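Here is the structure we will look at.
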Amino acid sequence: MTADIHTLAGAYALHALDDDERVLFEAHLAECPACDQEVRELEATAARLGGLLRELPPPDLKARVLAQIDATRQHPPVGPPAPPLTVPLTALPAPTVMAAPAVSTAPAAPTPSRSTERLLRLLAPAAAVLAIAVVGLGVMVVNLNVRMGELEPGIAETTPAEASVAALLGAHDLDIVTVDEAPRPRGAGENPPGASARVMVSPSLGAAVFLAAGMDPAPHEHAYSLWLVHTDGQLTPVALFDVDPDGTVTQHVEADLSTVEALGVTVEPEHGSLQPSTEPVMLVSLTD
Amino acid sequence: MHAPRPRLTAVDGGADVVPDDEQLLLAVAHGDRQAFEALYERFAATVFGVVRRTLRDPSQSEEVAQEVFVELWRQAARFDPERGRASTWILTLAHRRAVDRVRAEQSRRDRTDRVAAREHRREHDEVAETVELRLEHQQVRAALDVLTPLQREAVELAYYRGFTYREVAEQLGTPLGTIKTRMRDGLIRMRDALGALG
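Heads up: the protein sequence lines correspond to chains S and W, in order.
Going by the working numbering, the first sequence opens with residue 66, and the numbers climb by one from there.
Going by the working numbering, the second sequence opens with residue 745, and the numbers climb by one from there.
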């Protein structure tokens, strides 16, 4: 970083930097209050140049914009004024599952609860052994902040799933379950040992987000299928997906979750299946 | 871009008080669709004007202007009134989007230019100007007149055409450092002139 980097403030405010330089300069801004202040002033000046350019858009643009925002999730508001329908962070109850005695946090030798046992039987006896840990609110907030931070700077694209993660944060019945795959039995499952998953779920919103990392791509002409496992043993397929190039998965689920006690992932033919045709590679129990 | 209006003490102030841009944008952050429509009415011509001037191609300009307003809706929660005015936030978003599209379409640039050169362009004077706006425009033009011709050229090529400072330097056959300095000094001079005028 040379002393000369300060002179980029003008070009930055005019959006006249290459992407590489913009990233460098934004890193500089984070640690140079003088440049940050100057950039804010020069951006305001540049915006006034824009104010000279008035041209009426076609009249139907407004209707198109309004139709599109009706289908667009917003980033959650931060700070005051308090939103009318969102519970502020500080009012979130501590996750009640924290106290549940049946939750196992020991990766090597989990003691499955009855419902977990039932699920394992239901989906497949040889399913990979998973350790289930419930993450406390503090950790969750930190993770979410990191995640929201990744969406920056400024004008990043946001997927519906990412917006949904943010929306879930305000849910009063938000539940977070994190699963790190234990050393797997030989031959079981498709996942590398490093795979992990996190499910955020709010039955009141009817929304859940399934996040995973460290997964292998689905085999040729196959896809992963995400299932809802209901308390009565019914299985509902909710998504077919493949893994992003960086090994991560973000799947947004909107469904009646009141009777759902687990989420499972199987490998299926690429057009999907009505019932799981393979052993689950991942199983996340939402109950204790 | 508007003269400052009196600050209100509460967002839900008297019914006959016109909310300022900042209050509207903060309300949009909380999902207020009416506030969004009001902001659309205030900024549609300027957002479209910025995008159209940078991109030129009419149908692409419509697309990008639509993207800008959808982003405004989506990202309104990121607006921080402590850090600047709503008009700055909105026009920065609009210009950024337009510039991104220009660079993505660089290979088609010449063709787009030729098309644009032939077509009739609606100028800003077709848009009814309020007294407030006319004053604002007079001030900004006066501030532009304060720049040296070289500063003005560098600022205008970047802002109105979406060129990077490297491209500007190449086009003018001028060293990079000189162009960087002209852009910064030009904007600082404008800022100071606007401060003195406003």
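The C-beta atom is built at its ideal place from N, Cα and C for all residues, glycine as well.
Only a predicted model underlies this, so the values are computations on that prediction, with no experimental measurement involved.
Amino acids of chain S, ordered along the chain, whose beta-carbon sits closer than 8 angstroms to that of residue 907/W: Correct list: 81.
Inter-residue CB distance, residue 306/S and residue 314/S (contact presumed, cutoff 8 angstroms): 6 angstroms
Which residues DSSP lists as bridging residue 936/W, in chain order: Note: residue 936/W sits in no beta bridge, so no partner.
Exposed unless 16 or more other CB atoms sit within 10 angstroms - verdict on residue 285/S: exposed
As assigned by DSSP and simplified to three states, the class of residue 336/S: Judged by DSSP in its simplified three-state form, residue 336/S adopts coil rather than helix or strand.
Interface residues of chain W facing residue 106/S [CB-CB closer than 7 angstroms]: 935
Bridge partner(s) assigned by DSSP for residue 329/S: 292/S and 348/S
Sufficient close CB pairs (3 or more, under 8 angstroms) joining the stretch 802-810 of chain W to the stretch 831-850 of chain W: yes
Which of helix, strand or coil DSSP assigns to residue 299/S: coil
Collapsed DSSP secondary structure at residue 826/W in the structure displayed: coil
Interface flag, residue 819/W vs chain S, CB-CB below 9 angstroms: yes
Within-9 angstroms CB hit, residue 241/S to chain W: For residue 241/S, the nearest beta carbon of chain W is not closer than 9 angstroms to its own beta carbon.
Beta-carbon separation (whole angstroms), residue 334/S vs residue 287/S, contact threshold 8 angstroms: 6 angstroms
Residue 102/S versus residue 810/W - alpha carbon distance: 30 angstroms
Beta bridge counterpart(s) of residue 265/S as assigned by DSSP: 241/S and 274/S
Which listed residue (234/S, 266/S and 276/S) has its alpha carbon closest to that of residue 322/S: 266/S
Cα-Cα separation, residue 297/S to residue 328/S: 14 angstroms
Bridge partners - residue 304/S, DSSP secondary structure assignment: 291/S
Opposing strand residues paired with residue 317/S [DSSP bridges]: 274/S
Contact with chain W by residue 112/S, beta-carbon distance below 9 angstroms: Interface residue, yes.
Chain-ordered residues of the stretch 874-891 of chain W with a beta carbon less than 9 angstroms from chain S: 877, 880, 881, 883, 884, 885, 887 and 888
Of the listed residues 76/S, 120/S, 137/S and 85/S, nearest to residue 108/S (C-alpha basis): 76/S
Exposure label - residue 311/S; buried when at least 16 CB within 10 Å: Residue 311/S should be labelled exposed.
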